[in-house]
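A.B. asks:
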Amino acid sequence: MAFRTAEPDTEQQAAHHGPPAADELHPALDAHVEPCEARGSGLDKVVFGVTALIAVGFLVWGLASTATLSSASGKGLAWTMTNTGWIFVLTASAFVVFVIWLAMGRFGNIPLGRDDELPEFNTISWVAMMFSAGMGIGLMFYGVSEPVSHFVTPPPGTGAEGSAQTAMATTLFHWTLHPWAIYAVVGLAIAYGTYRKGRVQLISAAFEPLLGRRAHGPAGKVIDMLAIFATLFGSAASLGLGALQIRSGLEIVGGIGVDGNRVLVGIIAVLTVAFVLSAVSGVAKGIQWLSNINMVLALALAAFVFVVGPTVFILNLLPTALGSYAGALPEMAARSGAEGSEVSEWLAGWTVFYWAWWLSWTPFVGMFIARISRGRTIRQFVTGVLLVPSLVSLVWFAIFGGTAIKLQQEGVDIAGAGGIESQLFTVLDQFPLATVSSIVVMVLVAIFFVSGADAASIVMGSLSEKGTLEPRRTTVIFWGVAMGLVAMVMLLAGGEDALSGLQTITIIAALPFVLVMVTLAVALVKDLSSDPLVVRRQYAIEAVEAAVVAGVTEHGDDFVLSVEKDPEA
-5 MAFRTAEPDT EQQAAHHGPP AADELHPALD AHVEPCEARG SGLDKVVFGV TALIAVGFLV
55 WGLASTATLS SASGKGLAWT MTNTGWIFVL TASAFVVFVI WLAMGRFGNI PLGRDDELPE
115 FNTISWVAMM FSAGMGIGLM FYGVSEPVSH FVTPPPGTGA EGSAQTAMAT TLFHWTLHPW
175 AIYAVVGLAI AYGTYRKGRV QLISAAFEPL LGRRAHGPAG KVIDMLAIFA TLFGSAASLG
235 LGALQIRSGL EIVGGIGVDG NRVLVGIIAV LTVAFVLSAV SGVAKGIQWL SNINMVLALA
295 LAAFVFVVGP TVFILNLLPT ALGSYAGALP EMAARSGAEG SEVSEWLAGW TVFYWAWWLS
355 WTPFVGMFIA RISRGRTIRQ FVTGVLLVPS LVSLVWFAIF GGTAIKLQQE GVDIAGAGGI
415 ESQLFTVLDQ FPLATVSSIV VMVLVAIFFV SGADAASIVM GSLSEKGTLE PRRTTVIFWG
475 VAMGLVAMVM LLAGGEDALS GLQTITIIAA LPFVLVMVTL AVALVKDLSS DPLVVRRQYA
535 IEAVEAAVVA GVTEHGDDFV LSVEKDPEA
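Just so it is clear: in the sequence shown, position 180 is 174 by our numbering, and no numbers are missing.
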């Protein structure tokens, strides 16, 4: 016999979801929404005014008294590492677990769009864009220097020097799952809120599940201001690394001698002018074209080193590096300042700096991967974001880091060849066409500089103008120039060790945004918990369970379920 089930109408379900108003869609149904363009129009005078004033104050301080800025940032770093270093270590690994839990759990099938919406980009194009996101100045700067540094001077407590496995495992720890899990949190929150809920593309909008309308008020403005600061200093750190590497290339290829920091200032000035000109002339398509050319050049450079370098060693290193990384992951994730001052100092120069750097890049990269992921499910999103760029990093470091390690084993002192910014050029100098390949490196870094400044400035401009996708040119130019000047001040604050200035200020600037990220993860879970797909699943579970209990009670094993409209409804 048939057993009829009516629409659930229990007090418990009403308490869970509440009856929809006459003009509201039921929470179990998918609403047709389109992303909001912006909250109103024009400049957000509070967000822009406060952030611009503080940025200008930082620049005036750095240019007027570099010594006091350097001293203050050093004290700030010491306090940060002593009291809050554990926050960076803990949250970075927590984000990896968090996004994997989202993908593998009950939220994994939720689409970043409507229920029946197809992905905006096909899988090949989406993977290609994700691949491009995995490239940047960082891989150019650290592709050789980090593996060979860990090879010669391994992390404290990991054993004697000369271990390629330890060197590669430590490098992959910094460049694979952890950074992209951090980006995925912001990307998911923005993509879900924009394409599933119809919110504006602002970091603060993702806090609506926790703050409600307050996300549009002072609290939301503070969140967007912190996002601007994180982007400003994180992007400036990347630009500073690029300037260091270009200076090294000019010294090696062009024979330009070291002249204090004046060459660095000149490089940053020239490239900042190039960016400003591109913004003023509106050559966005030209920048996109240059970025595509950059990808081709990067692939060509990697293929060249793979062929002329120790090919067999590189191929052997790929599985070794992957296995060593997987085996050492728990130990590396648990390393903290509690192990002593030596470990704390090492963490400040490597792991904590990286986590702070990645955190500061989240508004920029998170918004990028959100924009290209409409229509993907959360499971697809997390899988693509974690695996594709991680694979890029694995191959890149195996080729360049593996080549450097092999040369170091054979007696070529790569690690001792000047600063770490010059080590890639030293490796290329061991092979044919050294001058050509070195010029390619400088071109790559320069284009990464210009296109990166362009994209990051647009993000800061968007945050300054209530989430508009096309901020005014003057706002974009302001943040681009500010970024170049901040990079210059950060380098000058490091004195003889310019890299330390970048690392120190990046860690300090990223600290407030850690709290934003943790709260964002909580808001995302609350948002997903009321998703129509989750609500429908809960209704289905409760309805079927009630029907089965009633059917068994009344008819034993001899019953079937059917769904019919309640005649009394």
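Idealized CB from N, CA, C, for every residue including glycine. Quick caveat, the model's predicted, so the values are computed rather than measured.
So Val83 is in the alpha helix (DSSP H); what residue range does that whole segment cover?
C.D. replies: If you number the sequence shown from 1, residue 83 lands on position 89. Looking at the DSSP string, the run of the alpha helix (DSSP H) that includes Val83 is 60 to 98.
A.B. asks: Between which residues of its own chain and Phe358 is the CB-CB distance below 8 Å, once the five residues before and five after are set aside?
C.D. replies: In the sequence shown, residue 358 corresponds to position 364, counting from 1. Taken in chain order, the residues that qualify are Thr225, Gly228, Ser229, Ala449, Ala450, Val453.
A.B. asks: Looking at the unbroken beta strand (DSSP E) that takes in Ser330, where does it start and where does it end?
C.D. replies: As a working mapping, residue 330 is identified with position 336 in the sequence shown. Careful: Ser330 lies outside any beta strand (DSSP E) and carries neither H nor E.
A.B. asks: CB Leu233 to CB Leu265, shorter than 9 Å?
C.D. replies: Along the sequence shown, one-based indexing puts residue 233 at 239. Along the sequence shown, one-based indexing puts residue 265 at 271. Cβ atoms of Leu233 and Leu265: closer than 9 Å.
A.B. asks: So, does the stretch 84 to 102 touch the stretch 507 to 519, judging by three or more C-beta pairs under 8 Å?
C.D. replies: Touching, per the Cβ criterion.
A.B. asks: Name the residue from Ile104, Ile262, Glu333 whose alpha carbon lies nearest to the alpha carbon of Trp80.
C.D. replies: Counted from its first residue, the sequence shown places residue 80 at position 86. Answer by Cα proximity: Glu333.
A.B. asks: Helix or strand or just coil, what does DSSP make of Ser285?
C.D. replies: Here residue 285 refers to the residue found at position 291 when the sequence shown is read from its first residue. Here Ser285 sits in helix by DSSP.
A.B. asks: Pull up the distance between the alpha-carbon of Lys460 and that of Ser524, whole angstroms please.
C.D. replies: Your numbering for residue 460 matches position 466 in the sequence shown. Your numbering for residue 524 matches position 530 in the sequence shown. Those two C-alpha atoms are separated by around 26 Å.
A.B. asks: The beta strand (DSSP E) with Leu555 in it runs from where to where?
C.D. replies: Locating residue 555 in the sequence shown gives position 561, counting from the first residue. Unbroken beta strand (DSSP E) run through Leu555: 554 to 557.
A.B. asks: Where Arg108 and Pro426 are concerned, what is the direct C-alpha to C-alpha distance, given to the nearest angstrom?
C.D. replies: Locating residue 108 in the sequence shown gives position 114, counting from the first residue. Locating residue 426 in the sequence shown gives position 432, counting from the first residue. Near 54 Å, if we compare the C-alpha coordinates of Pro426 and Arg108.
A.B. asks: Which residues mark the beginning and the end of the alpha helix (DSSP H) in which Asp423 is found?
C.D. replies: Start at 1 with the first residue of the sequence shown, and residue 423 comes out as number 429. Segment: none, Asp423 is in no alpha helix (DSSP H) and carries neither H nor E.
A.B. asks: Name the two residues that bound the continuous alpha helix (DSSP H) containing Ile363.
C.D. replies: Residue numbering aside, residue 363 sits at position 369 when the sequence shown is read from its first letter. First-last of the alpha helix (DSSP H) with Ile363: 345 to 365.
A.B. asks: Please go through the stretch 379 to 444 and give each complete beta strand (DSSP E) segment of 3 or more residues, from N-terminal end onward.
C.D. replies: As far as the stretch 379 to 444 is concerned, it has no whole beta strand (DSSP E) run of at least 3 residues.
A.B. asks: Shortest alpha-carbon distance to Asp552 belongs to which of Pro561, Lys559, Val542, Lys400?
C.D. replies: Reading the sequence shown from its first residue, position 558 is the one you call residue 552. The candidate whose alpha carbon is nearest that of Asp552 is Val542.
A.B. asks: Enumerated in chain order, which unbroken segments of the alpha helix (DSSP H) with a length of 4 residues or greater are wholly contained in the stretch 214 to 258?
C.D. replies: As far as the stretch 214 to 258 is concerned, it has no whole alpha helix (DSSP H) run of at least 4 residues.
A.B. asks: Keeping to the same chain, check which residues put their C-beta closer than 6 Å to that of Leu133; ignore five residues upstream and five downstream.
C.D. replies: Translated into the one-based positions of the sequence shown, residue 133 becomes position 139. Excluding residues within five positions, the ones whose Cβ falls inside 6 Å are Trp390.
A.B. asks: Mapping the DSSP letters down to three states, classify Thr371 as helix, strand or coil.
C.D. replies: Along the sequence shown, one-based indexing puts residue 371 at 377. If DSSP states are grouped into helix, strand and coil, Thr371 belongs with the strands.
A.B. asks: Since Gly334 is in the alpha helix (DSSP H), which residue starts that stretch and which ends it?
C.D. replies: Along the sequence shown, read from residue 1 onward, the residue named residue 334 stands at position 340. Here Gly334 belongs to no alpha helix (DSSP H), and DSSP marks it neither H nor E.
A.B. asks: Excluding the 5 residues preceding and the 5 following Ala15 in the sequence, name in chain order all residues of the same chain whose CB lies nearer than 7 Å to its CB.
C.D. replies: For this step, residue 15 is matched to residue 21 along the sequence shown. Note that Ala15 has pLDDT 49, beneath the 50 cutoff, so the model's placement of it is unreliable and the number below is only indicative. Nothing meets the Cβ criterion.
A.B. asks: For Ala183, collect the residues of the same chain with a Cβ closer than 6 Å to its Cβ; drop the 5 residues on either side in sequence, then sort them by chain order.
C.D. replies: Against the sequence shown, residue 183 aligns to sequence position 189. Ala200, Leu514, Leu518, listed in sequence order.
A.B. asks: Between the beta-carbon of Pro313 and the beta-carbon of Thr397, is there less than 9 Å?
C.D. replies: By one-based count along the sequence shown, residue 313 stands at place 319. By one-based count along the sequence shown, residue 397 stands at place 403. Taking 9 Å as the Cβ cut-off, Pro313 and Thr397 do not qualify as a contacting pair.
A.B. asks: Between which two residues does the alpha helix (DSSP H) harbouring Glu548 extend?
C.D. replies: Walking along the sequence shown from the start, residue 548 turns up at place 554. Start and end: 526 to 549.
A.B. asks: Who are the near neighbours of Pro141 in its chain, counting only those whose CB is closer than 7 Å to its CB and skipping five residues on each side?
C.D. replies: As a working mapping, residue 141 is identified with position 147 in the sequence shown. Around Pro141: Ala161, Met162, Thr165, Phe391, Gly395, Ala398, Ile399.
A.B. asks: Pull up the distance between the alpha-carbon of Ile217 and that of Leu505, whole angstroms please.
C.D. replies: As a working note, residue 217 is residue 223 in the sequence shown. As a working note, residue 505 is residue 511 in the sequence shown. Distance between the alpha carbons of Ile217 and Leu505: 13 Å.
A.B. asks: When you compare only the Cα positions, how much space is there between Lys39 and Val179?
C.D. replies: Working through the sequence shown from its first residue, we reach residue 39 at position 45. Working through the sequence shown from its first residue, we reach residue 179 at position 185. C-alpha separation (whole angstroms): 28 Å.
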